[in-house]
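Only one structure is covered here, and it is reproduced in the block below.
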Amino acid sequence: MPRRLVKDQLAQDDLIGIWVYSSRHWGEAQAARPLDAIELGLVALCDAPEKGRLRDEIRSGYWSVTIGRHVLFYSFTSSELRLRRVLHGSMDFGAHLD
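Its first residue numbered 23, the sequence shown is counted upward by one per residue in this note's numbering.
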């Protein structure tokens, strides 16, 4: 049975922020591109979450994967993949994963 995808509120806020920023700077059509890539990546992660990198040095039990310019932080169990944050690669991850 595939893992169920759950997005924490902070992750949902991150995705909205990506769309707002991108649409203001590059237009709505371009704004959809990173979000589409992230959604495809999440589908793949639900099937194989261990493809990411364990990030215990940042937060215990968190994993990450880079998609485009964004880093997705998540945790998972046998039945669920929980998206915790979606941060730009230039951000200080530790400061945003408290």
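Every residue gets a Cβ at the ideal spot worked out from N, C-alpha and C, and that includes glycine.
| Check | Outcome |
| --- | --- |
| 4 or more residues per run - each alpha helix (DSSP H) lying fully within the region 28-76 | 31-48 and 50-69 |
| Nonlocal neighbours in the same chain, by C-beta distance under 7 Å from Leu-57, ignoring five residues either side | Leu-37, Ile-40 and Trp-41 |
| Straight-line gap, Lys-73 to Met-113 (C-alpha atoms, nearest Å) | 22 Å |
| His-47 versus Ile-89 - alpha carbon distance | 20 Å |
| CB of Leu-94 within 8 Å of CB of Gly-116, strictly | no |
| Beta-carbon separation (whole angstroms), Arg-81 vs Gly-111, contact threshold 8 Å | About 17 Å; that fails the 8 Å criterion. |
| Outcome for Val-65 when other beta-carbon atoms lying within 10 angstroms are tallied against a minimum of 16 | exposed |
| Proximity winner among Glu-102, Asp-30 and Val-87, relative to Ile-60 (alpha-carbon distances) | Val-87 |
| Exposed unless 16 or more other CB atoms sit within 10 angstroms - verdict on Pro-71 | buried |
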